[in-house]
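Student: Before I ask anything, here is the structure I am working with.
In UniProt numbering, the protein residues as written are 1 to 632.
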């Protein structure tokens, strides 16, 4: 079937997803594909029993593929590489699961994983799934306060942690952060199992703390425990507007079906191929496409402990793709902006052969057309922008290469993925005309793999996502459909600014700035103005080697926006900065910069990659006459 036929077929959700579920091994068949008896709390494959770890590991060994590589670990920050076959992974996961079992962890218990990008992190996740425990991965190096809030909410019986994480320029000791978080939390885990890394071994607290290697060595392997399809597989915390993180829940059955289906139909990947999601296991991309989806589908997944630049240079990605024969790469646009900034002409690419690479997928932040076109030009492969969220767990809109490759429109993630009924509505809940910006919403029920609720908080789930328009999930993003049904995701709803009564997208202005040949990265924020309500302010990072006078460049950029968006944008300010503040997953902290520019108190998000950048941006804004608020 082509895209249109597949999308139409998915409207019969029970039949469509029932067929897709045949790709998963079930211990007990489901009673209903979709349980819609308690809206808006829909459940997939109710009555079914399965084990996600068995589907991701054991069944491939049983099928005679135990010698195939499951994980290729590559750590330029430590100079370490490892190849772990499916058979080896099965053994290590079973022993880790046995260790957890010996520590009293049973089905339904929570285990927090606070570890770097090492194979043991993946092993810990799968070990939890093996015995029906619920894992919650917290990005290694998160502050003690943020870790404490997650301990408080998830109430883990055991915490698995690394002694340290390794950045290109520093070593981050995790154990002191973990100790402080446990001290601050009213909930105390029974045990912490610490993976000792040679770069910064940790002191162990007698009675509570255990050494990873010693404890696993003493454990016997544990078998897979069948769980209900509707039982939780993991909790992944995402930021909340109140400052209290929201625990996104992922179920076992719907998640396994969606992950497996997406590998073939969205990414066009076959079992046995090498798939690389250059992200972090602490993020949803890492959960879905470093760990679960590739392994469920029987692929080889790359686990990379490094950066797109600086480990050692802007050719790092090309080296990994060549060395391991990567077929499909999935990363964030910000990674390619960093590569483009350091190596605008892709000179490093000339040293590598990327014969097996056939597709690049980008997601995590809106991909500006300039970055997409640069990647297309240099790599000579299709570059696919696609859009999804922590809450959905997989793509809402994409060019589904395993169904039909549609023409690419730079700036658009193409069309909704089969199963997602995406609508663009105004504030009254009415559909808007093509090319008109509105709130992007998804008609319920959401397809398999999406969050069924928030951990321990059904009320907050409804309030946060389902209350804006009855029968719809609020994505929080603004955008529009064009005449061809292509979706354009322009910005967060909060980033639609009102300039003298005109609703304008900061994303559209960023698209204009990004097209200038001197610009590597940019962000546009709306700053409060007593006369016009809000005024846009652009912050740009220049490519290496640009010698145009800053004043001339600023004038060019302002004129570009005025020409392409119109004088109505009242775009009059461009500030050149060395770097933009971002989260570790690559999202630019526009809201924080807006607070700085308006002089209101702000708090540096726990997810920030480098807090020092905020100080640099604050100075640049002050020099231009804006803000200057101290952190709140």
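In this text, a Cβ means the ideal position worked out from N, Cα and C, and glycines have one as well. Everything numeric in this text was worked out from a predicted model, so none of it was measured.
Strictly by DSSP, which residues pair up with residue 636?
Tutor: Residue numbering for the chain in the displayed model covers 1 to 632; residue 636 lies beyond these limits and cannot be assessed.
Student: So, does the CB of residue 473 fall closer than 7 Å to a CB anywhere in chain D?
Tutor: Structure shown: chain D not included; a single protein chain is present.
Student: Rounding to the nearest angstrom, what Cα-Cα distance links residue 513 and residue 558 in this structure?
Tutor: Taking the first residue of the chain shown as 1, we reach residue 513 at position 513. Taking the first residue of the chain shown as 1, we reach residue 558 at position 558. So the alpha carbons of these two residues sit roughly 9 Å apart.
Student: Do residue 451 and residue 249 have their CB atoms nearer than 7 Å?
Tutor: Here the question's residue 451 lines up with position 451 in the chain shown. Here the question's residue 249 lines up with position 249 in the chain shown. Yes, they are a contact pair.
Student: At the level of alpha carbons, what is the spacing between residue 622 and residue 593?
Tutor: Here residue 622 refers to the residue found at position 622 of the chain shown. Here residue 593 refers to the residue found at position 593 of the chain shown. Near 12 Å, if we compare the C-alpha coordinates of residue 593 and residue 622.
Student: Taking 6 Å as the cut-off, is the C-beta of residue 88 nearer than that to any heavy atom in the ligand FMN?
Tutor: Summarising the ligand content, the structure contains no ligands, and the ligand FMN is consequently not present.
Student: Under a three-way DSSP split, which group does residue 630 fall into?
Tutor: By one-based count along the chain shown, residue 630 stands at place 630. Any reading at residue 630 needs caution, since the residue's pLDDT is 46, under 50, leaving its predicted position unreliable; the model's value is listed next. Looking at residue 630 - three-state DSSP - the assignment turns out to be coil, as it is neither helix nor strand.
Student: Opposite residue 385 in the DSSP bridges: which residues?
Tutor: By 1-based counting over the chain shown, the position of residue 385 is 385. In the DSSP output, where bridge partners are listed per residue, residue 385 has 362.
Student: Cα separation between residue 479 and residue 364?
Tutor: On the chain shown, position 479 is the one that residue 479 refers to. On the chain shown, position 364 is the one that residue 364 refers to. So the alpha carbons of these two residues sit roughly 16 Å apart.
Student: Between the segment 116–133 and the segment 81–101, are three or more C-beta pairs nearer than 8 Å?
Tutor: yes
Student: When the Cα atoms are used, what is the spatial distance from residue 167 to residue 469?
Tutor: Position 167 of the chain shown, counting from 1, holds the residue named residue 167. Position 469 of the chain shown, counting from 1, holds the residue named residue 469. Their Cα atoms are separated by approximately 43 Å.
Student: Taking only runs that begin and end inside the segment 182–228, name each unbroken beta strand (DSSP E) of 3 or more residues, in chain order.
Tutor: 191–195, 209–211
Student: Are three or more beta carbon pairs between the segment 100–109 and the segment 262–273 nearer than 8 Å?
Tutor: no
Student: Do residue 236 and residue 259 have their C-beta atoms within less than 7 Å of each other?
Tutor: On the chain shown, position 236 is the one that residue 236 refers to. On the chain shown, position 259 is the one that residue 259 refers to. Cβ distance not < 7 Å, so residue 236 and residue 259 don't count as in contact.
Student: Can you give me the C-alpha to C-alpha distance between residue 434 and residue 400, rounded to a whole angstrom?
Tutor: Position 434 of the chain shown, counted from the first residue, corresponds to residue 434. Position 400 of the chain shown, counted from the first residue, corresponds to residue 400. Cα to Cα, the separation comes out at about 22 Å.
Student: Roughly how many whole angstroms lie between the Cα atoms of residue 370 and residue 195?
Tutor: The count along the chain shown starts at 1 and reaches residue 370 at position 370. The count along the chain shown starts at 1 and reaches residue 195 at position 195. For residue 370 and residue 195, the distance between alpha carbons rounds to 42 Å.
Student: At the level of alpha carbons, what is the spacing between residue 619 and residue 551?
Tutor: Within the chain shown, residue 619 is the residue found at index 619, counting from 1. Within the chain shown, residue 551 is the residue found at index 551, counting from 1. Between residue 619 and residue 551, the C-alpha separation is close to 18 Å.
Student: CB-CB under 8 Å to residue 317, same chain, minus the five flanking residues each way: which ones, in chain order?
Tutor: One-based indexing of the chain shown puts residue 317 at position 317. Here the set comprises 278, 308, 329, 331, 335, 339.
Student: Could you tell me which whole alpha helix (DSSP H) segments of length 4 or greater appear in the segment 477–547?
Tutor: 506–514
Student: Suppose the cutoff is 7 Å on Cβ atoms and the five residues either side in sequence are ignored; what does the same chain contact list for residue 327 look like?
Tutor: In the chain shown, residue 327 corresponds to position 327, counting from 1. These residues qualify, in order along the chain: 269, 273, 274, 275, 356, 357, 358.
Student: Please list, in chain order, all residues of the same chain as residue 448 whose beta carbon is under 6 Å from its beta carbon, the five residues on each side excluded.
Tutor: Residue numbering aside, residue 448 sits at position 448 when the chain shown is read from its first letter. The answer, listed in chain order, is 17, 44, 254, 257, 258.
Student: Could you tell me the boundaries of the alpha helix (DSSP H) in which residue 9 lies?
Tutor: As a first step, residue 9 must be located in the chain shown, where it is residue number 9. Residue 9 -> alpha helix (DSSP H) spans 3–9.
Student: Just to confirm, are residue 561 and residue 509 a CB contact at a threshold of 7 Å?
Tutor: By one-based count along the chain shown, residue 561 stands at place 561. By one-based count along the chain shown, residue 509 stands at place 509. Cβ atoms of residue 561 and residue 509: closer than 7 Å.
Student: Do you know offhand how far residue 284's Cα is from residue 61's?
Tutor: Within the chain shown, numbered from 1, the residue matching residue 284 stands at position 284. Within the chain shown, numbered from 1, the residue matching residue 61 stands at position 61. Distance between the alpha carbons of residue 284 and residue 61: 26 Å.
Student: Could you tell me the distance, in whole angstroms, from the CA atom of residue 631 to the CA atom of residue 605?
Tutor: Locating residue 631 in the chain shown gives position 631, where the first residue counts as 1. Locating residue 605 in the chain shown gives position 605, where the first residue counts as 1. Caution applies to residue 631, whose pLDDT of 46 falls short of 50 and renders its modelled position unreliable; the model cannot decide the point.
Student: How would you label residue 2, buried or exposed, when you count the other beta carbons within 10 angstroms and need 16 or more for buried?
Tutor: For this step, residue 2 is matched to residue 2 along the chain shown. Classification of residue 2: exposed, given that the 10 Å Cβ count is below 16.
Student: Can you check the segment 288–375 for any beta strand (DSSP E) of at least 3 residues that lies completely inside it and give the ranges in chain order?
Tutor: 300–304, 328–331, 359–362, all fully within the segment 288–375.
Student: Name the residue from 500, 519, 113 whose alpha carbon lies nearest to the alpha carbon of residue 526.
Tutor: Position 526 of the chain shown holds residue 526. When C-alpha distances from residue 526 are compared across 500, 519, 113, the shortest belongs to 500.
Student: Our contact map puts residue 47 next to residue 30 with C-beta atoms below 8 Å; I'd like the distance itself, whole angstroms only.
Tutor: Here the question's residue 47 lines up with position 47 in the chain shown. Here the question's residue 30 lines up with position 30 in the chain shown. Yes, residue 47 and residue 30 are in contact; Cβ-Cβ is about 5 Å, under 8 Å.
Student: Assign residue 524 to one of two classes, buried (16 or more other C-beta atoms within 10 Å of its C-beta) or exposed (fewer than that).
Tutor: Locating residue 524 in the chain shown gives position 524, counting from the first residue. The residue is buried, with at least 16 neighbouring Cβ atoms inside 10 Å.
Student: Whole angstroms is fine: what's the gap from residue 66's alpha carbon to residue 427's?
Tutor: Taking the chain shown and counting its residues from 1, the one referred to as residue 66 is at position 66. Taking the chain shown and counting its residues from 1, the one referred to as residue 427 is at position 427. Between residue 66 and residue 427, the C-alpha separation is close to 54 Å.
Student: Pick out the complete beta strand (DSSP E) segments inside the segment 261–288, 3 residues or longer, and give them in chain order.
Tutor: Whole beta strand (DSSP E) segments, 3+ residues: 274–277.
Student: Would you list the one or two residues that DSSP bridges to residue 135?
Tutor: Position 135 of the chain shown, counted from the first residue, corresponds to residue 135. Bridge partners of residue 135: 111, 234.
Student: Is residue 44 helix, strand or coil when you go by DSSP?
Tutor: Counting from one through the chain shown, the residue named residue 44 turns up at place 44. In the structure shown, residue 44 sits in a strand (DSSP, three-state: E or B).
Student: State yes or no: is the C-beta of residue 362 within less than 7 Å of the C-beta of residue 385?
Tutor: One-based indexing of the chain shown puts residue 362 at position 362. One-based indexing of the chain shown puts residue 385 at position 385. Yes, these two residues count as a Cβ contact at 7 Å.
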